[in-house]
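Novice: Take a look at this one; I'll ask things after.
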Amino acid sequence: MGQTIETGRKRGRRIESARAATRVTSYELEDVRRQVIFQIKKAFSDALIAQASEALATANLATLDELERIQRFRAERGDISKLELTRIQLQRFAFERDAADAGPGGVREGEGGRESGSRERMVGCHASARIPADSK
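Residue numbers (the working numbering): 199 to 334.
Encoded structure:
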């Protein structure tokens with residue numbers, strides 16, 4: 199009729215082949231899970247690094263502003279030459295340029311003064327894609 203009669207233990211070999219394919223698929227699934235977890239952890243640490251870099255750049259800019267203010271005062275009093283003041287202003291300009299070249303998270307001049315880029319733009323994700331604190 200329509201039933202296949204297997205000889206030579208072909209059914210056992212087919213079953214073992216299917217089980218081996220299932221094991222391979224489960225190993226591939228575990229590998230994908232491992233890679234996704236690694237990418238999530240890396241994105242989180244990259245976000246923390248970007249946040250710390252942004253804070254450091256903001257602090258450096260504030261220090262340069264204070265130094266420029268002091269040097270401007272000293273230049274007005276005649277303690278230093280205008281050249282020294284120009285050097286400080288040039289350092290500040292170079293710092294801002296480097297920060298802008300670093301990417302969208304760099305410190306830049308905005309309409310209301312200095313502002314920093316949002317962490318979402320630095321990391322390249324949306325605010326709704328936050329990582330829960332309890333995930334490890």
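All C-beta atoms in this analysis are idealised placements derived from N, C-alpha and C, irrespective of residue type, glycine included. Just so you know, these numbers come straight off a predicted model, no measurement behind them.
Please report the distance separating the alpha-carbon of residue 328 from that of residue 244.
Specialist: Interpretation of residue 328 is limited by its pLDDT of 42, a score under 50 that renders its predicted location unreliable; the figure taken from the coordinates is listed afterwards. The straight-line gap from Cα to Cα measures roughly 13 Å.
Novice: For residue 293 versus residue 254, is the C-beta spacing smaller than 8 Å?
Specialist: Not a contact, by the Cβ cut-off of 8 Å.
Novice: Can you tell me whether DSSP reads residue 276 as helix, strand or coil?
Specialist: Residue state, collapsed to three classes: coil.
Novice: Taking 8 Å as the cut-off, does the region 261-272 touch the region 280-298 (at least 3 CB pairs, one atom from each stretch)?
Specialist: Yes, since at least three Cβ pairs between the region 280-298 and the region 261-272 fall closer than 8 Å, the two stretches touch.
Novice: Helix, strand or coil for residue 256? Go by DSSP, reduced to three states.
Specialist: Of the three classes helix, strand and coil, the one that applies to residue 256 here is helix, per DSSP.
Novice: Note down the Cα distance separating residue 233 from residue 249, rounded to an integer number of angstroms.
Specialist: Each residue's alpha carbon lies about 24 Å from the other.
Novice: Contact check, residue 289 vs residue 246 under 8 Å by CB: the rounded distance?
Specialist: At roughly 28 Å, the Cβ-Cβ gap does not stay under 8 Å, so residue 289 and residue 246 are not in contact.
Novice: Return helix, strand or coil for residue 210, following the three-state DSSP convention.
Specialist: Three-state result, residue 210: helix.
Novice: Would you mind sorting residue 297 into buried or exposed? The rule is 16 or more other CB atoms within 10 Å of its CB.
Specialist: The residue is buried, with at least 16 neighbouring Cβ atoms inside 10 Å.
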